[in-house]
Every structure is written in structure tokens, then in C-alpha cells.
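Basically this note's numbering = 1-based index in the sequence shown + 788. Since the structure comes first, as C-alpha cells, the remarks are kept for the end.
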Amino acid sequence: MNERTIILNLLNKFSKDHKNISWKMKCSFSDGMGTTINQIKIIALPENRIVGIFAYTVETGLVLFCRYKKLKKTKSENIIDLLLDMMNYSKGETII
Numbered sequence: 789m790n791e792r793t794i795i796l797n798l799l800n801k802f803s804k805d806h807k808n809i810s811w812k813m814k815c816s817f818s819d820g821m822g823t824t825i826n827q828i829k830i831i832a833l834p835e836n837r838i839v840g841i842f843a844y845t846v847e848t849g850l851v852l853f854c855r856y857k858k859l860k861k862t863k864s865e866n867i868i869d870l871l872l873d874m875m876n877y878s879k880g881e882t883i884i
């Protein structure tokens with residue numbers, strides 16, 4: 789399974805576990821020479837309030853920016869590890 793599929797599966801599982809949560813992912817930057825940055829927004833429904841934003845490089849998976857409650861990223865943290873941390877951090881709580 790490739791990294792993109794794992795990321796999509798984790799985001800889908802997170803929104804399935806939290807019925808009031810949705811997510812959007814988009815390409816924020818690409819220089820056409822091997823550097824691509826994707827942005828993931830975690831959105832609380834029904835008011836469409838952004839509760840989290842992550843940015844990471846597609847080629848390496850390294851997280852460049854993280855904002856989700858009190859969750860902090862460490863140097864050289866991988867996006868998959870960060871998403872797993874987010875899921876664990878939010879386990880059993882209602883996100884409002």
C-alpha cells in the first residue's frame with residue numbers, strides 16, 4: 789500500500805469515528821521539479837469550522853506545519869505518524 793492510500797484511509801477512518809468531522813486535502817504548492825506540498829484541513833460539521841491544518845511534503849512525507857488542538861509536531865515527523873497521533877489524541881472524545 790502506498791503512502792497516499794494510507795493517508796486517505798486514516799483520514800476516512802477518523803471522519804468515520806467522529807461523525808461530525810470531515811476533511812479536505814489539496815495541493816498547496818508544486819514547483820514542477822520534485823517539491824510538492826499538500827495541505828489537509830480537518831473540518832467540524834455542520835458549521836464548517838476548521839479544527840486542524842496539516843501541511844506536508846508529498847515526496848518525503850515530512851510534516852511542515854501542524855495545528856490541531858495541543859498536538860505538536862516534532863522535527864522530521866512523518867504525516868502518517870502525525871495522523872495516527874491525532875487519532876489517538878482524539879479517541880473517545882467529541883470534537884466540537
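Quick reminder that beta carbons are idealized off the backbone N, C-alpha and C, glycines included. Keep in mind that this is a model prediction, so the values were computed, not measured.
Start and end residues, beta strand (DSSP E) containing M813: I809 to S818
Can you grab the Cα-Cα spacing for the pair N836 / H806, in whole Å? 14 Å
Taking the Cβ atom as the reference point for each residue, do I831 and S810 lie within a distance shorter than 8 Å? yes
May I ask you to report which of helix, strand or coil DSSP gives K879? coil
Element boundaries [beta strand (DSSP E), containing N826]: T824 to A832
Exposed or buried, which one is N826 when buried takes at least 16 other CB atoms within 10 Å? buried
Rounded Cβ spacing between Y856 and M874 (contact assumed at less than 8 Å): 6 Å
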